[in-house]
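K.L.:
Numbering (numbering that gives the first Met the number 0), first residue to last: 0 to 142. Just so it is clear, CB atoms sit at the ideal spot from N, CA and C, and this is done for glycine as well. Treat the numbers as computed from the prediction; the structure is a model and nothing was measured.
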Amino acid sequence: MCSEQKEDIIKLLAQILRDKHDNDEIGNLLDIFPTRAELINASEQQLTSIKGIGKKKALQIYALIQLAKSITIQDQKNCIIRTPQDVFKLLEAELCHEQKEHFICLFLNTKNSLIFKEVISIGSLNAAIVHPREVFHASHKTL
Numbered sequence: 000m001c002s003e004q005k006e007d008i009i010k011l012l013a014q015i016l017r018d019k020h021d022n023d024e025i026g027n028l029l030d031i032f033p034t035r036a037e038l039i040n041a042s043e044q045q046l047t048s049i050k051g052i053g054k055k056k057a058l059q060i061y062a063l064i065q066l067a068k069s070i071t072i073q074d075q076k077n078c079i080i081r082t083p084q085d086v087f088k089l090l091e092a093e094l095c096h097e098q099k100e101h102f103i104c105l106f107l108n109t110k111n112s113l114i115f116k117e118v119i120s121i122g123s124l125n126a127a128i129v130h131p132r133e134v135f136h137a138s139h140k141t142l
């Protein structure tokens with residue numbers, strides 16, 4: 000993250016937390032989580048462990064991160080899947096910061112409209128093990 004982006008994030012966090020811009024706590028936060036991906040994947044416990052950030056501030060920051068994630072996820076209502084690019088657009092914001100492989104099934108109707116999606120398996124860094132019966136079981140949930 001460049002210094003200009005870091006300054007913008009510091010200012011925004013200071014406004015949200017009602018702190019001063021030159022507060023060391025926010026600087027410490029961005030030193031420990033130097034990239035956006037690391038900050039977005041920060042857990043509540045990791046935030047609490049930072050010197051100067053108590054449970055209340057950690058909860059506020061964690062809630063803010065969760066809000067940012069939910070805002071960036073595409074609305075799945077009336078989503079039509081015709082190409083791999085459509086799948087990419089649908090899942091990019093949700094999965095771009097994940098650290099592990101996710102096996103996700105998208106269930107479509109006969110007009111290629113998304114009925115629902117389900118995470119079948121969360122694997123390791125580069126693999127997700129899935130048995131066909133898990134996919135079959137998930138497909139019958141809507142029946």
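1. Here's the rule: buried if 16 or more other CB atoms are within 10 angstroms of the residue's CB, otherwise exposed. What is ILE154?
2. Among GLY26, GLU24, PHE106 and LEU12, which residue has its Cα nearest to the Cα of ILE64?
3. Which two residues bound the contiguous beta strand (DSSP E) that contains ILE103?
4. Under a Cβ-count criterion, where at least 16 other Cβ atoms within 10 Å of its own Cβ denotes burial, should ALA57 be classed as buried or exposed?
5. Identify which residue in ASP18, ILE80 and PHE87 has its Cα closest to the Cα of ILE60.
6. Quick check on the DSSP output: the beta strand (DSSP E) that includes GLU117 runs from which residue to which?
7. Is ILE72 helix, strand or coil when you go by DSSP?
8. When you compare the CB positions of LYS5 and LEU29, do they come within less than 7 Å of one another, or not?
9. LEU46 lies in the alpha helix (DSSP H); which residues open and close that run?
10. Can you tell me which of the three DSSP states ILE52 falls into?
11. So, are the CB atoms of ILE121 and LYS99 less than 7 Å apart?
12. Relative to the C-alpha of ILE128, which candidate in GLN84, HIS136, PHE102 and LYS55 has its C-alpha closest?
13. Let me check one thing: in DSSP terms, what residues is ILE79 bridge-paired to?
14. Quick check: HIS96 and ALA41, are their CB atoms within less than 7 Å of each other?
15. Reducing DSSP to helix, strand and coil, say where ASN27 ends up.
P.N.:
Checking against the coordinates, here is how it stands:
1. This structure cannot settle anything about residue 154, because the visible part of the chain is limited to 0 through 142.
2. In the sequence shown, the residue the question calls residue 64 occupies position 65. When only C-alpha atoms are compared, the closest one is LEU12.
3. For the purposes of this step, residue 103 is identified with residue 104 of the sequence shown, where counting begins at 1. First-last of the beta strand (DSSP E) with ILE103: 101-107.
4. As a working mapping, residue 57 is identified with position 58 in the sequence shown. Label assigned to ALA57: buried.
5. Counting from one through the sequence shown, the residue named residue 60 turns up at place 61. It is ASP18.
6. Counted from its first residue, the sequence shown places residue 117 at position 118. Start and end: 113-121.
7. One-based indexing of the sequence shown puts residue 72 at position 73. Three-state DSSP puts ILE72 in coil, outside helix and strand.
8. Looking up residue 5 in the sequence shown gives position 6. Looking up residue 29 in the sequence shown gives position 30. Yes, Cβ-Cβ distance for LYS5 and LEU29 is below 7 Å.
9. Taking the sequence shown and counting its residues from 1, the one referred to as residue 46 is at position 47. Here the alpha helix (DSSP H) through LEU46 covers 43-47.
10. Walking along the sequence shown from the start, residue 52 turns up at place 53. In this structure, ILE52 counts as coil in the three-state DSSP scheme.
11. For the purposes of this step, residue 121 is identified with residue 122 of the sequence shown, where counting begins at 1. For the purposes of this step, residue 99 is identified with residue 100 of the sequence shown, where counting begins at 1. Yes.
12. As a working note, residue 128 is residue 129 in the sequence shown. Considering only alpha carbons, the answer is PHE102.
13. Numbered from 1 along the sequence shown, position 80 holds the residue referred to as residue 79. DSSP lists SER112 as partners of ILE79.
14. Here residue 96 refers to the residue found at position 97 of the sequence shown. Here residue 41 refers to the residue found at position 42 of the sequence shown. No. Outside cutoff.
15. The count along the sequence shown starts at 1 and reaches residue 27 at position 28. Helix at ASN27.
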